[in-house]
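Using our numbering, read the sequence shown as starting at 141 and increasing by one per residue. Cβ coordinates follow ideal geometry from the N, Cα and C atoms, glycine included.
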Amino acid sequence: MVDAAQHYIEEQPGGISACPACSAAPAAEDMARRARELEGATLALSLPGIHCAACIDTVERALNAAPGVREARVNLTLKRAQVKADADVEAADLVQVVEGVGYEAHELDAGTIAATATDRRGRELLMRLAVAGFASMNVMLLSVSVWSGAADATRDLFHWISAAITLPAIAFCAQPFFISAGRALKARHLNMDVPISLAILLALATSLWETSLSGEHAYFDAALTLTFFLLAGRYLDHRTRAAARSAAEELAALEVPRAWVLRDGEEVQLPVAELSIGDLIQVRPGGRMPVDGEIVEGASELDRSLLTGETLPVPALAGQGVSAGEVNLTGPLTVRATAIGRDTSLARMADLVAIAESGRSRYTSLADRAAKLYAPGVHILSALSFLGWFLWSGDLRVALNIAAAVLIITCPCALGLAVPAVTTAASGRLFRRGMLVKHETALERLAEVDTVVFDKTGTLTAGTPEATNLDAFDDATLSLSLALAEGSSHPLSRSLVTALRARGIAPAPVAELREVPGYGTEGLLDGRRVRLGRAAWLGAEAGGETATWLEGPDGLVEFTFTDSLRDGAEAAVRDLLAAGKRVALISGDAEGAVADLAARLGIEDWTAGALPGDKATRIVDLQAQGARVLMVGDGLNDTAALSTAHVSISPASALDAARVASDIVLLGGDLSPIPEALGIASRATRRIRENFRIATFYNVIAVPLAVAGLCSPLIAALAMSASSITVSLNALRLR
141 MVDAAQHYIE
151 EQPGGISACP
161 ACSAAPAAED
171 MARRARELEG
181 ATLALSLPGI
191 HCAACIDTVE
201 RALNAAPGVR
211 EARVNLTLKR
221 AQVKADADVE
231 AADLVQVVEG
241 VGYEAHELDA
251 GTIAATATDR
261 RGRELLMRLA
271 VAGFASMNVM
281 LLSVSVWSGA
291 ADATRDLFHW
301 ISAAITLPAI
311 AFCAQPFFIS
321 AGRALKARHL
331 NMDVPISLAI
341 LLALATSLWE
351 TSLSGEHAYF
361 DAALTLTFFL
371 LAGRYLDHRT
381 RAAARSAAEE
391 LAALEVPRAW
401 VLRDGEEVQL
411 PVAELSIGDL
421 IQVRPGGRMP
431 VDGEIVEGAS
441 ELDRSLLTGE
451 TLPVPALAGQ
461 GVSAGEVNLT
471 GPLTVRATAI
481 GRDTSLARMA
491 DLVAIAESGR
501 SRYTSLADRA
511 AKLYAPGVHI
521 LSALSFLGWF
531 LWSGDLRVAL
541 NIAAAVLIIT
551 CPCALGLAVP
561 AVTTAASGRL
571 FRRGMLVKHE
581 TALERLAEVD
591 TVVFDKTGTL
601 TAGTPEATNL
611 DAFDDATLSL
621 SLALAEGSSH
631 PLSRSLVTAL
641 RARGIAPAPV
651 AELREVPGYG
661 TEGLLDGRRV
671 RLGRAAWLGA
681 EAGGETATWL
691 EGPDGLVEFT
701 FTDSLRDGAE
711 AAVRDLLAAG
721 KRVALISGDA
731 EGAVADLAAR
741 LGIEDWTAGA
751 LPGDKATRIV
761 DLQAQGARVL
771 MVGDGLNDTA
781 ALSTAHVSIS
791 PASALDAARV
801 ASDIVLLGGD
811 LSPIPEALGI
821 ASRATRRIRE
831 NFRIATFYNV
841 IAVPLAVAGL
851 CSPLIAALAM
861 SASSITVSLN
871 ALRLR
């Protein structure tokens, strides 16, 4: 059996495995460390000028083609780009790349991801909207006089006064459209602002031409009203996006800009950016932790609710680790910084959220393909409409108006917003329920789940077993057990180590200590082999309790343990079964302990004594039968199953390797949000499909009407804005 176990580890990537009595924790930590070294830098750029899926495609192509860039994702809802790049890539280089394809870009750091920037852009849009509305009303009054019968010199005077009001108003109010279109054309690209700008300019040019020839018709009011409604739609769209505030912004809002630092025996307030590893930081009661660190002095309680979802305060004592974003409640603390800035757990969590919200599912790719066809297609359609109407009617004015209406009404805003608006709203809601969505397609896959598989120890149970029969053994037995248990990070071994060290037991001098993956640990004591691990490995008869066995000089010894259910375990299983989901339990624990837990929770499908490979094989078998499996696990022995499952969840307390393999991290200790997460994911998928139907229906109806001459540029502007707002509001129904 030892040979089989050794063969198993050689078959695994990197030889990493774990079992109920042995764990490859050092190897896992080394793997996580190497992964962090290879991650490079993650840079964020603000892209205030992007408005559609075509913009996303253009910017992502440019960034991904830049030297040193590994991956670039653009989030339309947040108007940001998240870039993974080599460590030597600077944000300034990426800004130049984006500006080279015609878009404004700024480096975005944690301090600027705040509501102030969003509010500033909102105020600018509102100011332009107010000017456009005021000018539009004045020009409309003059137009009413013309429509009421003003003729000859009076009519011409009113037209020239309208031109004097309209031209400067358009120059100011339509600036966002003109600037964006100019950048795109300069970079030899087309975006949605090109036809918008062309439509406005066509209306102005037609009106000036009519006025200069003393014509009866001028469309200054239409140009201004068009601009007003375009700005109104963009402002309302901006407000609905702001309402769907992302989880990444919520996390960044927890970051502290300044901290009190002990320097030369005195307290000095410094920006967080100027802190260094090892600095001693004073955190007063009511203050938020600015860094990750270790408490060196003081005693208090910490509120971790915003970060982990835990509602009860936890004690804070010297030697305890703390994370940025936690709130110090009752007493002053002195904390030694171990991670600052972008290296804190809070910043890494925010990056994960931003990446997840920027992720694109298969639905988004459809929007991208549609947007790529939009620019050339709509310009060709507009040109053909102009030629057809001009040849048929001979009226240049009518032909120009119809061409402008076609350009405006076919804007793909709704299509571009269909996915990111929903993803942002759903991710934000899940985060508020204590679930961090890591992977870009996790929501889509979570919505398809029909089978949920749970691990036992550390997942359904609290993962903190307590030995129940230590008093039955002498110190020599306990000393040997401690020496062997120290070679494993499994909860049973960790519990044994903690309990024995608390009793003052010293480890026995065991030589050649090594692990046998999937079975246990072994070594030599006075030249004789000793082992600690699974009953089957040691030839013992497993009982009905959670236990690990010792094979020592005096024969076989059984250490029994008890464990409590994790918060929300019963509610999660009950709600999943009530929702019609199939629930299974797979554990490496003894049959009796697994059977008792399964009976307590009402789980009929359970498997005991499963090795890491057995768990992954079970997942594969279920999926071969057509099941869409959600795996919930926390240990290194769950990593293969987490990676194999259709979608996976790990608690925040899981080992690094398990968290890396999972798609979603459960921040708190409560399992009850899992059924709700499945419901949110299903509703998010429905919202995405609804948004595509809305966008498709809009274009099917609107485009023929515009080509047929039944929509003026003003009506086209109203229709375009309404479709974008409808899509965003539909996404917000998830909140």
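- Contact between Val431 and Ala479 holds, since their C-beta atoms are separated by about 6 Å, short of 8 Å.
- In the three-state scheme derived from DSSP, where H, G and I count as helix and E and B as strand, Thr470 is classed as coil.
- Runs of alpha helix (DSSP H) with 4 or more residues, each lying fully within the segment 683 to 725, are found at 709 to 718, listed in chain order.
- Every alpha helix (DSSP H) of 4 residues or more that sits fully in the segment 273 to 359 is shown, in chain order, as 292 to 313, 315 to 326, 333 to 352.
- Comparing alpha-carbon positions, the option among Thr484, Ala719, Glu437 lying closest to Val423 turns out to be Glu437.
- Rounded to whole angstroms, the gap between the alpha carbons of Arg714 and Gln315 is 57 Å.
- For Ala846, the enclosing alpha helix (DSSP H) stretches over residues 813 to 847.
- For the pair of segments examined, the segment 716 to 733 was found to touch the segment 746 to 759: the number of CB pairs separated by less than 8 Å reaches three.
- If you look at Asn215, you'll find it in the beta strand (DSSP E) that goes 209 to 215.
- With the rule of 3 Cβ pairs closer than 8 Å, the segment 581 to 596 counts as touching the segment 759 to 769.
- Where Ser621 is concerned, there is no enclosing beta strand (DSSP E), although the alpha helix (DSSP H) around it starts and stops at 615 to 625.
- The beta carbons of Glu606 and Ser628 sit no closer together than 9 Å.
- In this structure, Ile549 and Ala859 form a Cβ contact; the two beta carbons are roughly 6 Å apart against a cut-off of 8 Å.
- Nearest neighbour of Gly673 by Cα position, chosen from Ser633, Pro411, Leu540, Lys578, turns out to be Ser633.
- With distances taken between CA atoms, Arg323 lies nearest to Val199 out of Val199, Ala304, Gly742.
- One thing to note: Leu469 has its Cβ within 9 Å of the Cβ of Leu442.
- Per the coordinates, the alpha-carbon of Leu636 lies some 21 Å from the alpha-carbon of Gln460.
- For Lys224, the pairing in a beta bridge is given by DSSP as Thr182, Glu211.
- With 16 or more neighbouring CB atoms inside 10 Å of its own CB, Ile310 falls in the buried class.
- Of the other Cβ atoms in all chains shown, fewer than 16 fall within 10 Å of the Cβ of Phe837; this residue is therefore exposed.
- Contact check for Ala587 and Ser783: beta-carbon distance about 20 Å, past the 8 Å limit, so the pair fails to qualify.
- Across the structure, Pro516 and Ser522 are spaced so that their CA atoms are roughly 10 Å apart.
- Taking a cut-off of 8 Å for Cβ pairs, the segment 644 to 653 and the segment 614 to 627 touch, as three or more such pairs fall below it.
- Per DSSP, the unbroken alpha helix (DSSP H) holding Gly240 starts and ends at 231 to 240.
- Shown here, Arg643 sits in coil according to DSSP, grouped into three states, outside any helix or strand.
- One alpha carbon belongs to Glu698, the other to Ala735, and they sit about 19 Å apart.
- Secondary structure of Arg873 (DSSP, three-state): helix.
- In this structure Ala272 touches Cys313 by the C-beta definition: roughly 4 Å separates them, less than 8 Å.
- Each of Thr346, Phe701, Ala682 was checked against the Cα of Asp535, and the nearest Cα belongs to Thr346.
- Nearest to Ala544 by alpha-carbon distance, out of Trp532, Ala327, Ala642, Leu366, is Leu366.
- Nearest to Glu434 by alpha-carbon distance, out of Val412, Ala464, Arg444, is Ala464.
- Annotation: the continuous beta strand (DSSP E) that includes Leu770 extends over 769 to 772.
- Here Ala206 has Val237 as same chain residues with Cβ atoms under 6 Å from its own Cβ, once five neighbours each way along the sequence are excluded.
- CA-CA distance, Ala227 to Gly849, rounds to 56 Å.
- Look at Met575 here: in three-state DSSP terms it is strand.
- Residue range 731 to 741 is occupied by the alpha helix (DSSP H) that includes Glu731.
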